[in-house]
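Chemist:
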Amino acid sequence: RKEVEQDPGPFNVPEGATVAFNCTYSNSASQSFFWYRQDCRKEPKLLMSVYSSGNEDGRFTAQLNRASQYISLLIRDSKLSDSATYLCVVRFSGGYNKLIFGAGTRLAVHP
Amino acid sequence: NAGVTQTPKFRVLKTGQSMTLLCAQDMNHEYMYWYRQDPGMGLRLIHYSVGEGTTAKGEVPDGYNVSRLKKQNFLLGLESAAPSQTSVYFCATTRADRVTGELFFGEGSRLTVL
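From first to last, the protein sequence lines stand for chains R and V. Residue 92 in my numbering sits at position 13 of the first sequence; the count goes up by one each step and never skips. Residue 358 in my numbering sits at position 35 of the second sequence; the count goes up by one each step and never skips.
#1: On the three-state DSSP scale, how would you describe Ser160 of chain R?
#2: Along chain R, in chain order, which residues have C-beta atoms closer than 8 Å to that of Val335 of chain V?
#3: Exposed or buried, Gly424 of chain V, counting other C-beta atoms within 10 Å across all chains shown (16 or more means buried)?
#4: When burial is assigned at 16 or more other CB atoms within 10 Å of the CB, is Glu402 of chain V buried or exposed?
#5: Mind checking if Thr417 of chain V is an interface residue toward chain R, Cβ cutoff 8 Å exclusive?
#6: Can you list, in chain order, the residues of its chain whose CB lies under 6 Å from that of Gly431 of chain V, leaving out five sequence neighbours each side?
#7: Rounded to whole angstroms, what's the CA-CA distance from Thr377 of chain V to Tyr371 of chain V? Just pull it up for me.
#8: Mapping the DSSP letters down to three states, classify Ser407 of chain V as helix, strand or coil.
#9: For Ser160 of chain R, is the classification buried or exposed, using 16 other Cβ atoms within 10 angstroms of its Cβ as the cut-off for buried?
#10: Would Asn106 of chain R and His189 of chain R be called neighbours here (beta carbons separated by less than 8 Å)?
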């Protein structure tokens with residue numbers, strides 16, 4: 080079983096739609112959580128951290144459910160520029176900043 | 324300010340050939356990492372370094388070697404390339420004093436082994 084699992088998609092949505100991605104992790108020792116964005120044939124970049132109480136950054140909302148070992152990302156009012164792959168990332172405590180990456184969920188926003 | 328630079332960006336090798344990927348950073352970060360990314364799989368850690376002169380194995384180290392002789396450079400070597408090493412390789416860095424989830428990645432190196 081993968082340590083971090085995501086629905087690969089693709090999610091095809093029209094502009095303006097609301098879309099949600101889910102991610103589950105298997106190791107309860109996971110310390111912190113993040114969403115990264117990766118554009119086609121580009122490097123991943125940090126989108127946002129995920130806090131226990133949930134957090135928003137503009138049109139993006141991230142939530143964490145430690146009991147269910149589940150993380151979500153909600154994108155409201157989708158833009159064409161949101162088309163990308165979204166990577167769920169889990170960090171473990173340790174000396175070298177150990178991060179485990181999910182395989183990603185692909186989002187395609189169309190006009 | 325270039326950030327994290329990887330060279331080469333593309334390379335085609337024949338089975339058994341050797342090559343070295345170079346990662347150079349001007350961010351003065353202590354931690355450096357080499358990942359590989361394959362379709363349907365998350366980024367997987369090959370090797371990492373927590374400082375000049377130190378290296379350690381990650382999740383998938385077999386077939387690779389690394390060196391960090393200078394703080395700003397992290398080299399990934401393939402001594403005898405195999406088709407299974409066809410992948411996109413990413414170098415990443417982060418600071419040691421603020422260990423967070425933010426890694427800064429290079430643009431990637433696409434390697435094909437025939």
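Glycine is no exception: its CB is placed at the ideal position from the N, C-alpha and C atoms.
Modeler: Checking against the coordinates, here is how it stands:
#1: Taking the first sequence and counting its residues from 1, the one referred to as residue 160 of chain R is at position 81. Ser160 of chain R carries a helical assignment under DSSP once its states are collapsed to helix, strand and coil.
#2: Here residue 335 of chain V refers to the residue found at position 12 of the second sequence. Neighbours of Val335 of chain V on chain R: none; closest Cβ ~17 Å, over 8 Å.
#3: Locating residue 424 of chain V in the second sequence gives position 101, where the first residue counts as 1. Label assigned to Gly424 of chain V: buried.
#4: Position 79 of the second sequence holds residue 402 of chain V. When all chains shown are included, Glu402 of chain V counts as exposed.
#5: One-based indexing of the second sequence puts residue 417 of chain V at position 94. Closer than 8 Å to some Cβ of chain R, the Cβ of Thr417 of chain V qualifies, so yes.
#6: If you number the second sequence from 1, residue 431 of chain V lands on position 108. Closer than 6 Å at Cβ, skipping near neighbours: Val411, Phe413.
#7: Here residue 377 of chain V is taken as the residue at index 54 of the second sequence, counted from 1. Here residue 371 of chain V is taken as the residue at index 48 of the second sequence, counted from 1. Those two C-alpha atoms are separated by around 9 Å.
#8: Working through the second sequence from its first residue, we reach residue 407 of chain V at position 84. Helix.
#9: As a first step, residue 160 of chain R must be located in the first sequence, where it is residue number 81. Counting Cβ neighbours within 10 Å, Ser160 of chain R comes out exposed, since fewer than 16 surround it.
#10: Your numbering for residue 106 of chain R matches position 27 in the first sequence. Your numbering for residue 189 of chain R matches position 110 in the first sequence. The answer is no: Cβ separation not under 8 Å.
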